[in-house]
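Count along the sequence shown from 1, then add 989; that gives the number in my numbering. Where is the CB? At the ideal position from N, CA and C, for every residue including glycine.
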Amino acid sequence: MKTKRNLIQSCLLGAVLLHTCTCGAQTTVTQIAAGNQHSLFVKSDGSLWAMGWNFYGQLGDGSGNAQTNQPEMIVSNGVTTVVAAGHHSFFTIGGKLWAMGDNESGQLGDGTTNNIYVPKQIIAVIAFAAGDSHSLFTSSSGFYRDLYAMGDNGDGELGSGTFTSTNQPERIERDDTIVFGDYYVTAVAAGSYHSLLIKSDGSLWAMGYDADGQLGDGGFLRTNRAEKIVPSGVTAIAAGGLDSLFLKGDGSLWAMGDNSEGELGDPNVRTGNNNGFTNRPVQIEPSGVTAIAAGYYHNLFIKADGSLWAMGDNASGQLGDGSGNLYTNQPERIVAGGVTTIAAGGTHSLFVTSDGSLWGMGENLAGQLGISSTAYQYRPVQILGPIVPNGGFETRDFTGWALVGDFSNSVATNSGSVHSGLCAAKMGQVGSLASLSQTLNSIPGTNYLLSFWLNCDGQNPNEFSVSWNGATLLDETNLPATGWTNMQFLVTAMGTSTVLAFGFRDDPSYFDFDDVSVVPLSPPAITGIGPAGTNLVLTATNGFWNGTYLALTSTNLAQPLSQWTPVATNTLDGSGPFTIILTNGLNTSDSKRFFILRLD
990 MKTKRNLIQS CLLGAVLLHT CTCGAQTTVT QIAAGNQHSL FVKSDGSLWA
1040 MGWNFYGQLG DGSGNAQTNQ PEMIVSNGVT TVVAAGHHSF FTIGGKLWAM
1090 GDNESGQLGD GTTNNIYVPK QIIAVIAFAA GDSHSLFTSS SGFYRDLYAM
1140 GDNGDGELGS GTFTSTNQPE RIERDDTIVF GDYYVTAVAA GSYHSLLIKS
1190 DGSLWAMGYD ADGQLGDGGF LRTNRAEKIV PSGVTAIAAG GLDSLFLKGD
1240 GSLWAMGDNS EGELGDPNVR TGNNNGFTNR PVQIEPSGVT AIAAGYYHNL
1290 FIKADGSLWA MGDNASGQLG DGSGNLYTNQ PERIVAGGVT TIAAGGTHSL
1340 FVTSDGSLWG MGENLAGQLG ISSTAYQYRP VQILGPIVPN GGFETRDFTG
1390 WALVGDFSNS VATNSGSVHS GLCAAKMGQV GSLASLSQTL NSIPGTNYLL
1440 SFWLNCDGQN PNEFSVSWNG ATLLDETNLP ATGWTNMQFL VTAMGTSTVL
1490 AFGFRDDPSY FDFDDVSVVP LSPPAITGIG PAGTNLVLTA TNGFWNGTYL
1540 ALTSTNLAQP LSQWTPVATN TLDGSGPFTI ILTNGLNTSD SKRFFILRLD
């Protein structure tokens, strides 16, 4: 039995004290960035959040704390883009670049080499990138589009024609886009000690360190001026620790540089500590790639079907395959679909799925995954999102779910019947139940609404079960044909973690299963009281479908609840606002009364 103490004082027909509950719209993640041991993300409301290593101030919270393992809000609104590298970070608000973190080489561009512990505005920008100890950005001025760079230049990575570092933005290139129709820089990427550029004609340019062939010019000599590597067709770039990636307009993926950990994803390029590199671009994927991200020794990419792929170093679990292998030298599919955005850090990875959820895997020593612990994660773990991760199976696999039993006849797919979105699970275990479960974060004593959709074609034998922290909510055999049916349960959490499990068996056919959700229930709130003839009507919000609500009354607010008088009930046939009618509730001589709603 659960009680909501929401009190309304009524002076017979007089004024009431109203209590309302306002719930904000759920925000989702739109931008992500990963540094060496820290992470940043932007929500759909424009707020900037950060977690992980903070020794240099790279989180921008000004706290002086060395690290945090939970996301903390740095800026409340207005942030549009974010990048991170090494131990520093940048973001933009209204086209203005802000910086924080390590500034030993002047990479933040504020004219000093002092670390910045709270965000500091630098300059107006269009595109920007952060490397280990240097940074690049583009800006516009009248007819001109300019490329600027700042920070360490020991290997010519600034492209200034010198090897002199600078602690303030130095203009590297000015292009007249109107009078002379110059091709100008449209995208920038910064690796450990090298830089990449795309110009408006689709050409790829590179400068800086080249001992591992990461510039792709066929040599191994550093250069302090940008040199053209690919004449046209390049649409996206990513610069890693000692390697480089780029995409062409046909969706092909290309790579060059170090391959000692297999990060190029080409098994034909020798992997290992000796001669594990290529100094010319090699094609990794012929088509279908839509996004790329480069870490120190691992790389990620997304294909057109939303699948996430990874290759390279895996010693910290940053590939998310759960294999325990130290590396892989060819692309490996990690998530089957639904991935929209990726970021690769030093030894961790982040991605966003189509529902706006943020996921991560890999090293977590500094708390850079933001999961309230520092444990390494060898498979993707949800950082921010619904209580039930991947409840709609939009990843086209069982990412986030634990599987027990024979799943050879079960699949998450975008073909066949789905309730909503693009995907659903088809569960066809034969002979005995198999289990699909998650351990959810929960708040002790909190009521939750468990909801899911099930479709059964009625073929027997079949069995379906649901349990909440080991307590069986439903276990039915030989279900008839149902069509898509919504099932809901009111459940209560007893601890900070709760196991939600579903059991399936369908020998001749499949259960279709979709849209699993667990949401905390807002307590029922009395919002009004008024007469209806001789009756008294209580109006309320946050009703739960099939819930029975009991109105209790007393003239003494301090009276124990067990002594309050039940006066009316209502069992709801839907969720949301509802009323409870107190028959002849106005026939009283009491000067005032109090009411409580209780969910039985």
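Using the three-state DSSP reduction, which class does residue i fall into: helix, strand or coil?
i	result
L966	With the chain running from 990 to 1589 in the structure shown, residue 966 is simply not present.
Q1552	helix
K1292	strand
W1390	coil
N995	The pLDDT assigned to N995 is 38, lower than 50, so where the model puts this residue is not dependable; a value taken from the coordinates is nonetheless given after this. Here N995 sits in strand by DSSP.
A1200	coil
T1435	coil
V1324	strand
F1396	coil
L1561	coil
N1475	strand
N1545	coil
T1279	strand
E1061	strand
H1408	coil
K1188	strand
A1482	coil
P1512	coil
P1369	strand
V1031	strand
At the level of alpha carbons, what is the spacing between residue i and residue j?
i	j	result
G1447	N1475	16 Å
H1287	A1118	18 Å
S1406	T1175	43 Å
E1061	Y1365	20 Å
A1116	T1279	19 Å
M990	R1385	Low per-residue confidence applies at M990: pLDDT is 31, beneath 50, and the placement is therefore not dependable enough to give any value.
D1495	M1416	7 Å
A1179	L1315	26 Å
L1313	Y1367	Rather than Leu, the amino acid found at residue 1313 in this sequence is Gly. C-alpha separation (whole angstroms): 8 Å.
G1120	L1097	11 Å
A1225	A1423	44 Å
G1295	D1344	12 Å
P1378	L1575	49 Å
S1361	N1058	5 Å
L1354	G1334	13 Å
A1014	V1556	In this predicted model, A1014 has a pLDDT of only 46, less than 50, meaning its place in the structure is not dependable; the value taken from the coordinates is given anyway. Each residue's Cα considered, the two are about 36 Å apart.
S1094	F1500	60 Å
D1589	Q1548	20 Å
M1196	V1177	11 Å
L1489	N1449	25 Å
I1569	F1502	36 Å
Under the assumption that residue i contacts residue j (Cβ atoms under 8 Å), give the Cβ distance between them as a whole number of angstroms.
i	j	result
H1077	Q1047	5 Å
F1493	L1425	7 Å
F1584	L1527	6 Å
S1431	S1486	6 Å
L1510	F1533	6 Å
P1513	A1482	18 Å between Cβ atoms; not a contact.
H1337	L1308	Between L1308 and H1337 the Cβ distance is about 11 Å, and since that is not below 8 Å, they are no contact.
A1073	G1145	Contact doesn't hold; Cβ gap of about 23 Å is too wide.
Identify, in the order they occur along the chain, each residue of the same chain with its Cβ nearer than 8 Å to the Cβ of residue i, setting aside the five sequence neighbours on each side.
i	result
N1573	T1523, N1524
E1159	Y1137, A1138, M1139, L1147, S1149
D1099	A1088, N1092, I1105, K1109, I1111, N1156, Q1157
S1305	T1336, H1337, G1351, E1352, Y1365
G1222	G1191, K1237, G1238, D1239
To which residues of the same chain is residue i closer than 7 Å at the C-beta, ignoring the five residues directly before and after it?
i	result
T1153	N1142
K1188	Y1172, Y1173, V1174, T1175, W1194
T1342	G1327, V1328, T1329, W1348, E1383, T1384
A1470	C1445, D1446, G1447
Comparing the CB of residue i with every heavy atom of the ligand SAH, is any distance shorter than 7 Å?
i	result
L1489	Ligands are entirely absent from the displayed structure, and the ligand SAH is therefore not among its contents.
Ignore the nearest five residues each way along the sequence and tell me which others in residue i's own chain have a CB closer than 6 Å to its CB.
i	result
W1087	F1080, P1108, Q1110
G1019	The identity of residue 1019 in the sequence shown is Thr, whereas the question assumes Gly. Closer than 6 Å at Cβ, skipping near neighbours: V1031, S1033.
S1580	none
G1240	S1276, G1277, V1278
G1090	Y1045, G1046, Q1047, H1076, H1077, S1078
L1546	F1583
D1164	R1134, D1171, Y1173
W1243	F1235, P1270, Q1272
Return no unless some Cβ of chain B is closer than 8 Å to the Cβ of residue i.
i	result
G1035	Among the chains in the structure shown there is no chain B, since it carries only a single protein chain.
Ordered list of beta strand (DSSP E) runs contained in the segment 1077-1134, each at least 3 residues: 1077-1082, 1085-1090, 1105-1113, 1116-1119, 1123-1130
Run through the segment 1191-1272 for me and flag every whole beta strand (DSSP E) of 3 or more residues, listed as ranges in chain order. 1193-1197, 1212-1219, 1223-1228, 1232-1237, 1242-1247
Entirely within the segment 1304-1353 and at least 3 residues each: give me those beta strand (DSSP E) ranges in chain order. 1316-1324, 1328-1333, 1337-1342, 1347-1351
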